[in-house]
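**Q** For the record, in the sequence shown the residue sitting at position 165 is 195 according to this note's numbering, with numbers rising by one throughout.
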Amino acid sequence: MSAHVDEVVAAVARDVEARLPELTTAMTDWFVEVIPEFRHDETLRRLMVASTSANLVAIMDMLVHSIPMDRITVPPAAAEYARRFAQHDLSLEALLRAYRLGEQMFAQWALDALRAGPHHGDPDVLDAVSVLSGRTNRYIDEVIAGLIDIYEAERRRWSTRSGAGLATRVRMVLDTDPLTDAAASELLGIPVTGRHTAALVWTPASGDGPADGHALQAGARLLYEACGRTPLTVLADSRTLWAWLSGPDEARLDVGLLRDRLPAGVRIAVGGSAAGIDGFRGSLAEAQRARAVAETAEDRPAVVRFDDVAVAALLTDRSEDLRRWVARTLSGLTADEPGTDQLRETLRVFLAAGGSYIQAAARLHLHKNTVHYRVRKAEELLGRPVGEDRLQVEVALLAASLLRGRL
Numbered sequence: 031m032s033a034h035v036d037e038v039v040a041a042v043a044r045d046v047e048a049r050l051p052e053l054t055t056a057m058t059d060w061f062v063e064v065i066p067e068f069r070h071d072e073t074l075r076r077l078m079v080a081s082t083s084a085n086l087v088a089i090m091d092m093l094v095h096s097i098p099m100d101r102i103t104v105p106p107a108a109a110e111y112a113r114r115f116a117q118h119d120l121s122l123e124a125l126l127r128a129y130r131l132g133e134q135m136f137a138q139w140a141l142d143a144l145r146a147g148p149h150h151g152d153p154d155v156l157d158a159v160s161v162l163s164g165r166t167n168r169y170i171d172e173v174i175a176g177l178i179d180i181y182e183a184e185r186r187r188w189s190t191r192s193g194a195g196l197a198t199r200v201r202m203v204l205d206t207d208p209l210t211d212a213a214a215s216e217l218l219g220i221p222v223t224g225r226h227t228a229a230l231v232w233t234p235a236s237g238d239g240p241a242d243g244h245a246l247q248a249g250a251r252l253l254y255e256a257c258g259r260t261p262l263t264v265l266a267d268s269r270t271l272w273a274w275l276s277g278p279d280e281a282r283l284d285v286g287l288l289r290d291r292l293p294a295g296v297r298i299a300v301g302g303s304a305a306g307i308d309g310f311r312g313s314l315a316e317a318q319r320a321r322a323v324a325e326t327a328e329d330r331p332a333v334v335r336f337d338d339v340a341v342a343a344l345l346t347d348r349s350e351d352l353r354r355w356v357a358r359t360l361s362g363l364t365a366d367e368p369g370t371d372q373l374r375e376t377l378r379v380f381l382a383a384g385g386s387y388i389q390a391a392a393r394l395h396l397h398k399n400t401v402h403y404r405v406r407k408a409e410e411l412l413g414r415p416v417g418e419d420r421l422q423v424e425v426a427l428l429a430a431s432l433l434r435g436r437l
């Protein structure tokens with residue numbers, strides 16, 4: 031290639047380099063917008079910006095100074111970012127996608143600089159475009175090859191280091207009393223004095239086949255996307271993953287996103303938010319109770335929050351006692367007869383609506399007279415007006431609705 035073409039390439043690179051701070055910001059903002067895995071906390075976001083900047087500076091130096099390809103290495107900031115990506119269990123595909131998107135954006139910057147500069151009419155401009163594109167592509171290929179090795183090696187190292195060892199430390203925090211905040215924080219690697227929201231990610235058993243660990247990790251990544259915090263995760267067994275979303279304040283979890291994007295065959299139960307060691311332990315216990323409800327509920331919800339099923343969840347420990355109490359409280363309304371479940375549901379909604387036939391009809395999409403008829407029939411099966419022990423009847427109906435598999 032002629033020296034003149036190299037001069038054009040270097041001039042274009044210097045034009046881009048002059049605007050590098052603002053262009054780096056534009057590129058990193060784009061990554062965050064289009065790649066969910068790039069929505070980091072502030073610490074990791076700064077490393078992501080440093081990685082992007084280091085790669086762009088390396089590309090500028092390569093183009094301005096015609097640095098040979100065999101001298102290209104992965105910039106230290108980019109290597110460290112790849113390691114953090116692996117440690118946070120973010121996908122290699124997302125990292126590589128960012129490099130290809132960045133290559134496209136850089137190519138557009140170079141073309142814009144050519145058009146705006148004095149070389150747009152140069153007879154060698156097409157050769158310059160070819161050189162710019164070729165060198166940039168080869169740089170990206172070389173760096174990606176190095177990043178794949180770095181990511182995979184770190185993933186293996188981190189899995190070995192944090193898997194069984196972390197699970198042991200988490201169980202120590204869950205089971206050891208007394209335990210100071212400082213000791214718990216050291217064991218977990220996170221400040222235990224903050225607020226914790228625990229979640230269970232599990233794949234229901236189907237036959238004797240092995241569990242899909244990738245599915246559990248996909249659920250954990252979805253928790254990150256729905257909250258913006260990297261969860262602390264450990265495998266509780268081959269089909270269950272424990273996860274904690276911890277921080278100085280309560281995690282704001284987008285439950286709608288979880289329900290919309292949860293992979294098939296994966297389910298999530300979420301505990302309430304609480305602080306300190308008791309919160310770390312208690313939120314997990316609540317998630318476990320919520321899971322018990324989800325596994326027995328008629329509709330088998332894919333995502334269940336303890337706060338939505340608390341009454342039923344708190345009754346699950348003594349299911350035999352509960353079954354007898356519900357049968358005694360609801361009397362004929364527990365009969366396994368056609369239409370009886372319909373009467374129970376109508377009465378439950380009627381009571382939840384404050385005894386309003388109009389509101390119950392609206393919630394059930396029925397005519398008011400139909401609701402009135404069903405409530406009267408339900409009272410006949412109860413053998414008494416619902417107003418006599420309304421609270422007990424309402425709790426029994428809720429338990430019958432949510433825990434039908436145990437009743």
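In this text, a Cβ means the ideal position worked out from N, Cα and C, and glycines have one as well.
Looking at the unbroken alpha helix (DSSP H) that takes in G312, where does it start and where does it end?
**A** Per DSSP, G312 belongs to the alpha helix (DSSP H) from 306-326.
**Q** Count the other C-beta atoms from every protein chain shown that fall within 10 angstroms of the C-beta of S303, then say buried if there are 16 or more, exposed otherwise.
**A** The residue is buried, with at least 16 neighbouring Cβ atoms inside 10 Å.
**Q** When burial is assigned at 16 or more other CB atoms within 10 Å of the CB, is M99 buried or exposed?
**A** Per the 10 Å Cβ criterion, exposed.
**Q** Using the Cα positions of L265 and A197, report the straight-line distance between them to the nearest angstrom.
**A** Cα to Cα, the separation comes out at about 7 Å.
**Q** Would V425 pass as a contact of V341 if the rule is Cβ separation under 8 Å?
**A** Closer than 8 Å, so yes.
**Q** Closest to L411 by CA distance: which of Y387, D366, Y111 is it?
**A** L411 has its Cα closest to that of D366, out of Y387, D366, Y111.
**Q** Only counting the same chain, and skipping five residues up and downstream in sequence, which positions put a Cβ closer than 8 Å to that of D351?
**A** Excluding residues within five positions, none has a Cβ falling inside 8 Å.
**Q** Taking W232 as the reference, which of L217, T364, E325 has the closest Cα?
**A** Nearest C-alpha to W232: E325.
**Q** Figure out for me which residue from L86, A116, V161, E409 has the closest Cα to the Cα of T260.
**A** Nearest option by C-alpha distance: A116.
**Q** Is the beta carbon of I307 less than 8 Å from the beta carbon of D211?
**A** Contact: yes.
**Q** When the Cα of I298 is compared with those of G413, L230, D371, E184, which residue comes out closest?
**A** For I298, the nearest C-alpha among the options comes from L230.
**Q** State the Cα-Cα distance for the pair S163 and R311, rounded to the nearest angstrom.
**A** The alpha-carbon atoms of S163 and R311 are separated by roughly 55 Å.
**Q** I'd like to confirm the pairing. Which residues does DSSP put opposite G302 in its beta bridges?
**A** Per DSSP, none; premise fails for G302.
**Q** Around the Cβ of P240, are there at least 16 other Cβ atoms within 10 angstroms (buried) or fewer (exposed)?
**A** In this predicted model, P240 has a pLDDT of only 41, less than 50, meaning its place in the structure is not dependable; the value taken from the coordinates is given anyway. Flag for P240 reads exposed.
**Q** By the 10 Å Cβ neighbour count, where 16 or more other Cβ atoms means buried, how is R145 classified, buried or exposed?
**A** Classification for R145: exposed.
**Q** Look at the Cβ atom of M92, then the Cβ atom of Y169, and state whether they are nearer than 8 Å.
**A** A contact, by the Cβ cut-off of 8 Å.
**Q** Could you tell me the distance, in whole angstroms, from the CA atom of E184 to the CA atom of T370?
**A** So the two alpha carbons sit approximately 59 Å from each other.
**Q** Any idea if G435 is buried or exposed, counting beta-carbon neighbours within 10 angstroms, 16 or more meaning buried?
**A** Confidence at G435 is low in this model, with a pLDDT of 49, below 50, so the placement of that residue should be treated as unreliable; the coordinate-derived value is given next. G435 should be labelled exposed.
**Q** Could you tell me the alpha carbon to alpha carbon distance between I388 and M57, rounded to whole angstroms?
**A** Cα to Cα, the separation comes out at about 55 Å.
**Q** Under three-state DSSP, which class holds T359?
**A** In the structure shown, T359 sits in a helix (DSSP, three-state: H, G or I).
**Q** Kindly confirm or deny that the stretch 42-52 and the stretch 123-133 touch, where touching means at least three C-beta pairs closer than 8 Å.
**A** Touching, no.
**Q** Candidates V323, D59, R113, E47: which alpha carbon is nearest A88's?
**A** For the residues V323, D59, R113, E47, the minimum Cα distance to A88 belongs to E47.
**Q** Between which two residues does the alpha helix (DSSP H) holding D371 run?
**A** That run of the alpha helix (DSSP H) goes 370-382.
**Q** Helix, strand or coil: how does DSSP classify V104 here?
**A** The answer is coil: DSSP assigns V104 none of H, G, I, E or B.
**Q** Mind checking V401: buried by the 16 CB within 10 Å criterion, or exposed?
**A** Burial call: buried.
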